[in-house]
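Have a look at the structure below, then the notes.
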Amino acid sequence: MNERWVKIFIDSFWKILLPGLKLTIPLTALSFLFALIIAVAVALVQFADVKGLKQLARFYVWVIRGTPVLVQLFVVFYGLPSLGILLEPFPAAVIVFSLNEGAYASETVRAALESVPRGQIEAGYCVGMSWLQIMWRIVLPQAMRTAFPPLSNSLIGLLKETSLAANITVAEMFMSTQRIVARTYEPLLLYLEVGLIYLIFCTILTRLQSMGEKRLKTYGGKRSNAGGKRLETDGGAR
Amino acid sequence: MSMLEIRGLRKSFGGLAVLKGINLDVGKGDVVAILGPSGSGKTTLLRCLNFLETADAGTYCFDGETFSLGSMKKQDIAKIRRKTAFVFQNFNLFANRTALGNVTEGLITARKMPKAEAERIGREALDKVGLSDRYDYYPEQLSGGQQQRVAIARALATEPEIIFFDEPTSALDPELIGEVLNVMRQLAREGMTMLVVTHEISFARQVSNQVVFMENGAVLEAGDSGAFFASPKEERTREFLRTLQEHGN
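The listed protein sequences derive, respectively, from chains A and B. Read in order, the letters of the first sequence are residues 1 to 238 in this note's numbering. Read in order, the letters of the second sequence are residues 1001 to 1249 in this note's numbering.
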């Protein structure tokens, strides 16, 4: 193998990984956290059939899902300044990815809410619980278990999607790679390298997902599954 | 004086009248069996009585207070639900709570009871339905009969003045029906007021003291259980009882 290549590869590894740790991961984590909050709120509003808010939720999902995330990034970062709204690149990216992912995740959460048998809601009313109590303590915990695999899927997708933030000058992994390419003229090597680092990140997330799924086995699905049982007793916001 | 008195309860779904002016009287300690063919409106009646369905019209007199069913306030519904309990055909246990958790959930969240006290009451209720060795089991780990007994314990724990049972044994395997009926028998002996929609004629005959026979959204015959089974007045009632008897009930 070409000695220069090896040297460039090794020199670049940290230069790509570091912005990955400092920007790609925080951007992904923050956006996903906000997306989850948006998703639960938007799904609950529709599940509860709140007049007005439900239509607003459908409109939001319609618009966000119907437009490319790259366009959304450009509107927020390059477009909003015309209205006097100036955002730093990183917050702009967090806002766009949160809203974008939130729309998709809300559909996942909504489906998961629907999958909890309605009878449990009625039973909750009959023992005197309020709608919010029933949602928070009975329905959402079950729904989020159902939603866990598809949401993990979304998280992995989001991690890679953050590379689009390079277009609005967030110096994350991909943009850092582009800069190194401009200096070294080794596009094949470096783009493969950044791809490899994305692959490593996603592999870790995939591992975390399967570990999570093991812990989230159905309630009491196995008596011997002490892990799953303990998680539930601790998690049950008592 | 009746504990629960219903007058002229009406309910339609779309244009279809499901309940056409039901009158019902339940005294303290009564066990009232509601019988009738499928589609006669028994379950809808029961669901209206606990506001899982909203009745269109009628008066609801409970525990000395009278409410108009066509215009129930949220607080009134909450007030009535505090004194009543409901046992469902499909148990409807909270799948993410253990047996004990199912019983204590309402006490802790709705009644703001301290956890320790709720659990003491919860264990007592589970002991009473014969599940003292199943506190920490999740619904999925229990048989249908055990699940329904947890549901009864959940109902008992709130110390209701009346329990509504909606076909409590219909979803059970035949060999599991007995354990649930035994618990209900015991409650009846202890003087619990119960309103039971059922297909178990033998249970109705042995345990209930009042019978309401419904057909096509109306009460066809109602009265003392002994007289009802010994000499039903209506031809339709006789026919219904005969059909059930042929099927080994």
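Each residue gets a CB set at the ideal place from its N, CA and C atoms; glycine is no exception. These figures come from a predicted structure and were not determined experimentally.
Taking the CA atoms as reference points, residue 1206 of chain B sits about 10 Å from residue 1031 of chain B.
A distance below 8 Å between beta-carbons, with the five flanking residues on each side excluded, links residue 1083 of chain B to the following residues of its chain, in chain order: 1062, 1063, 1160, 1161, 1162.
Taking the Cα of residue 155 of chain A as reference, the smallest distance to any Cα among A:209, A:14, A:80 is reached at A:209. DSSP places residue 1012 of chain B within a strand segment (E or B) once states are collapsed to three.
In the three-state reduction of the DSSP assignment, residue 1051 of chain B falls in the coil class, being assigned neither a helical nor a strand state. Taking a 10 Å sphere around the C-beta of residue 1042 of chain B, we find 16 or more other C-beta atoms and assign the residue as buried. For the region 1139-1161 of chain B, the set of positions with a beta-carbon nearer than 7 Å to some beta-carbon of chain A reads 1140, 1141, 1154, 1158 in chain order. For residue 1034 of chain B, the uninterrupted beta strand (DSSP E) run begins and ends at 1031-1035, by DSSP.
Per the Cβ contact rule, the region 1162-1180 of chain B is in contact with the region 1141-1148 of chain B (3 or more Cβ pairs under 8 Å). According to the DSSP assignment, residue 206 of chain A belongs to the alpha helix (DSSP H) that extends over 187-215.
Here residue 1002 of chain B is exposed. Its C-beta has fewer than 16 other C-beta atoms within 10 Å. Under DSSP, residue 1221 of chain B takes part in a beta bridge, and its partners are B:1213.
At a cut-off of 8 Å, the C-beta of residue 78 of chain A has no neighbouring C-beta in chain B. Membership of residue 1165 of chain B in the beta strand (DSSP E) is indicated by the continuous run 1162-1166. Relative to residue 43 of chain A, the option among A:18, A:107, A:190 whose CA is nearest is A:107. With fewer than 16 other Cβ atoms from the protein chains shown falling within 10 Å of its own Cβ, residue 118 of chain A counts as exposed. Between the C-alpha atoms of residue 1139 of chain B and residue 191 of chain A there is a straight-line separation of about 52 Å. At the C-beta level, residue 1034 of chain B and residue 1196 of chain B come within 8 Å of one another. As computed with DSSP, residue 1026 of chain B is found in a beta bridge with B:1004. Assigned with DSSP and collapsed to three states, residue 48 of chain A falls in coil, not helix or strand. Here the region 1094-1112 of chain B makes contact with the region 126-145 of chain A; the two share three or more CB pairs at distances below 8 Å. Contact between the region 155-165 of chain A and the region 1125-1135 of chain B is absent: fewer than three C-beta pairs spanning the two stretches fall below 8 Å. The alpha-carbon of residue 1244 of chain B is positioned some 39 Å away from that of residue 219 of chain A. Residue 173 of chain A is bridged by DSSP to nothing; it lacks a bridge partner. For residue 144 of chain A, the uninterrupted alpha helix (DSSP H) segment begins and ends at 140-161. Pairing residue 1176 of chain B with residue 1090 of chain B, the inter-Cα distance amounts to about 14 Å. Its Cα nearest to that of residue 194 of chain A, the residue A:12 stands out among A:115, A:6, A:2, A:12.
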